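This report refers to the structure that appears directly beneath it.
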Amino acid sequence: MDSNNTLVGFGAGKVILLGEHSVVYGYPALAGPLSRGVTARGETSNKCQLVIPEALTPEQRKVLKAAFGRAMAACDEPGVRVSFNTDLPLSMGLGSSGALSVACARVLLQAAGRKASAMDVANVAWEMEQEFHGTPSGVDHTTSAMEQLILYRRKPGAESGRSKVVESPKPVRLVVVMAGARSPTKTTVGALRERQKRWSERYQRVFREIGLLASEGAEAVEEGDLEALGDVMNVNHGLLAALGLSSPGLDDMVHRLRNMGALGAKLTGAGGDGGAVIGLFHDTAPAVHELTRQGFRCFDSQLAGPREEGATRGAA
Ligand code: MEV
1 MDSNNTLVGF GAGKVILLGE HSVVYGYPAL AGPLSRGVTA RGETSNKCQL
51 VIPEALTPEQ RKVLKAAFGR AMAACDEPGV RVSFNTDLPL SMGLGSSGAL
101 SVACARVLLQ AAGRKASAMD VANVAWEMEQ EFHGTPSGVD HTTSAMEQLI
151 LYRRKPGAES GRSKVVESPK PVRLVVVMAG ARSPTKTTVG ALRERQKRWS
201 ERYQRVFREI GLLASEGAEA VEEGDLEALG DVMNVNHGLL AALGLSSPGL
251 DDMVHRLRNM GALGAKLTGA GGDGGAVIGL FHDTAPAVHE LTRQGFRCFD
301 SQLAGPREEG ATRGAA
């Protein structure tokens, strides 16, 4: 609650370091939170409702209303009017819908007078995420609710996923760059689902390999071996491209980051026509400076490991 008696809930955006898409098929993914995200605010009201931004299309309004309806039902419709704002680039594979779901869940649970653990928040947010994405793996909203680097796995059809917190003895620092407009996650995930249905064995082989990379990446983080983590990221990008999930714009940005000294670089999130690309660096500042000079939208973020005195998670 802030000084005006307004309830406040933050939902962090996320990056998937390793394992997007194969996580939908039950393999592990390594994902961590960004400092950027969605902030929801709740004021006492005689009706439980969400203030829907004017700029949204009728279809987006419908989905948002349905999603919020599921979350408010899960919290017994407390008397609260919820509004939100975000500093996360939207529809770029950085988990904006998961962050919105977590932010709303936090406010609804507070309004309902419930003391909520990260798992309680994740359970309410899950109601919204299913409305946004159809068949999400759950990695986005779980990372947002836990606010830690996690190795996440959810067996298809299972009620909920399992996550293990991955501790790092060294700072894991990323540059996050926007590389062109992206197709909606639902479309990219749906198109891959059709291909994997047709050539199931071949696609399952690649998913399995990506799952192994995610586990190897988690071990590399725990051992503080950033060179190994970078190599795993590079191999993961190659396999995502093999699955048809990259584009010339994403590939170009991956190579640009590697040429700037990234230990590893790959697309993150759903991929497709565009979206966000991440690069792992010992020192992110020179790459952020150079990319900004070249006209790209980018920011840096520390996902795990010891932080410098006074630093917040993921300075922009
Ligand atoms: C989207 O951020 C990540 C995907 O793996 C979809 C999902 O996990 O639901 C592409």
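Counting from 1, position 253 in the sequence shown corresponds to residue 253 in the UniProt record's numbering; the numbering is continuous, with no gaps. Virtual Cβ for every residue (Gly too), placed ideally from N, Cα, C. These figures come from a predicted structure and were not determined experimentally.
Checklist entry - Where does Ser91 fall in DSSP's three states? => result coil
Checklist entry - Taking the Cβ atom as the reference point for each residue, do Asp82 and Leu50 lie within a distance shorter than 8 Å? => result Here residue 82 turns out to be Val, not Asp, going by the sequence shown. For Val82 and Leu50, yes; Cβs fall inside 8 Å.
Next on the checklist: Taking its Cβ as the centre, do 16 or more other Cβ atoms sit within 10 Å of Arg182, making it buried, or is it exposed?
Outcome noted: buried
Checklist entry - So Ser168 packs on Val221, CB below 8 Å; how close in whole Å? => result 5 Å
Item to check | Extent of the continuous alpha helix (DSSP H) to which Ile52 belongs | outcome: That residue, Ile52, is in no alpha helix (DSSP H); it is neither H nor E in DSSP.
Next on the checklist: Could you give the first and the last residue of the continuous beta strand (DSSP E) run that contains Phe299?
Outcome noted: 298–304
Checklist entry - Per DSSP, Thr39 forms a beta bridge with which residues? => result Phe10, Asn85
Item to check | Pro136 - DSSP class collapsed to helix/strand/coil | outcome: coil
Checklist entry - Rounded to a whole number of angstroms, what is the C-alpha to C-alpha distance between Ala316 and Phe299? => result Because the pLDDT at Ala316 is just 34, under 50, the model does not fix this residue reliably, and the value given afterwards should be weighed accordingly. Taking the straight line from one Cα to the other gives about 5 Å.
Checklist entry - With DSSP run on the structure shown, which of helix, strand or coil describes Ala31? => result strand
Checklist entry - Would you report the Cα separation of Leu240 and Ser246, rounded to the nearest angstrom? => result 7 Å
Next on the checklist: Rounded to whole angstroms, what is the Cα-Cα separation between Gly11 and Ala103?
Outcome noted: 4 Å
Checklist entry - Between the segment 144–157 and the segment 199–209, do at least 3 Cβ pairs fall closer than 8 Å? => result no
Checklist entry - So, helix, strand or coil for Thr284, using DSSP? => result coil
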